[in-house]
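To start, the structure itself, in structure tokens.
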Amino acid sequence: MSDVKLAVIFYSMGGTNYQMAKWAEEGAKAAGAEVRVLKVQELAPESVIAGNEGWKATVEATKDVPVATSEDLEWADAIIFSVPTRFGAMPSQMKQFLDIQGGLWANGKTVNKVVSAMSSAQNPHGGQEATLLSLYTSMMHWGAIIATPGYTDPVLFGAGGNPYGTSVTVGQDGKMVEDVEDAVKHQAKRTVTVAEWVKKGNQ
1 MSDVKLAVIF YSMGGTNYQM AKWAEEGAKA AGAEVRVLKV QELAPESVIA GNEGWKATVE
61 ATKDVPVATS EDLEWADAII FSVPTRFGAM PSQMKQFLDI QGGLWANGKT VNKVVSAMSS
121 AQNPHGGQEA TLLSLYTSMM HWGAIIATPG YTDPVLFGAG GNPYGTSVTV GQDGKMVEDV
181 EDAVKHQAKR TVTVAEWVKK GNQ
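So for the sequence shown, the numbering used here puts the first residue at 1; every next one is plus one.
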């Protein structure tokens, strides 16, 4: 059994990336990892959230999920990020979380963390891949080891075949169009496996 510590860090407005984070938790636990599911701090005004029923419902559904901290990143051997796309890049909430980790980065605490990411958008070509690449750019600066799913399992094709990370289209009804549960779980297991290799190699 693995002794990998995994942080699954998400931002979710409509619930999609929260659900993906929970699937990643299941997949990682099945691979033997110790998992923390964490959200990033919400930056939007409460008045704006209150005017959107889906957003308000997600805030309520995730109210007991801990907010991710620098300590969580330091604890983790591996990190899976789950974010919606905002004009082809990660949301400002996730960007701020990454931006305030300068202290960890300066002390070499982000080096060799194994990272992977997942995304969603309202259109099949709504920026999912660009969002993942933008997040991975930050990870390169961290000295992290990026573990994408590539085409390592046939289950990925049924989920849309995104080699950068599992991504899903969300319809106007707020529901996922593609069935990505198995692809998310595979990506989580792969991330844990790579982290296990890195951890053993460093011992």
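Note that beta-carbon positions come from the ideal geometry of N, C-alpha and C, so glycine has one too.
- In this structure, A24 places its C-beta atom within 8 Å of the C-beta atom of A188.
- DSSP, read as helix, strand or coil, puts T110 in coil.
- Assignment of beta-bridge partners to R36 by DSSP yields A7.
- Under DSSP, V67 forms a beta bridge with K39.
- Scanning T131, T85, D64 for the CA closest to the CA of Y164 turns up T131.
- For the pair T152 and P124, the CB atoms are not nearer than the 8 Å cut-off.
- Each residue's CA atom was taken as its position, placing I100 and A57 some 28 Å apart.
- In summary, M140 is exposed, with fewer than 16 beta-carbon neighbours lying within 10 Å of its beta-carbon over all protein chains present.
- Across the structure, Y11 and A117 are spaced so that their CA atoms are roughly 12 Å apart.
- The continuous alpha helix (DSSP H) containing S92 extends over residues 92-99.
- Annotation for V194: the continuous alpha helix (DSSP H) segment containing it runs 181-201.
- It is roughly 11 Å from the alpha-carbon of Q172 to the alpha-carbon of G14.
- Closest in alpha carbon position to N107, among F81, G126, G143, is G143.
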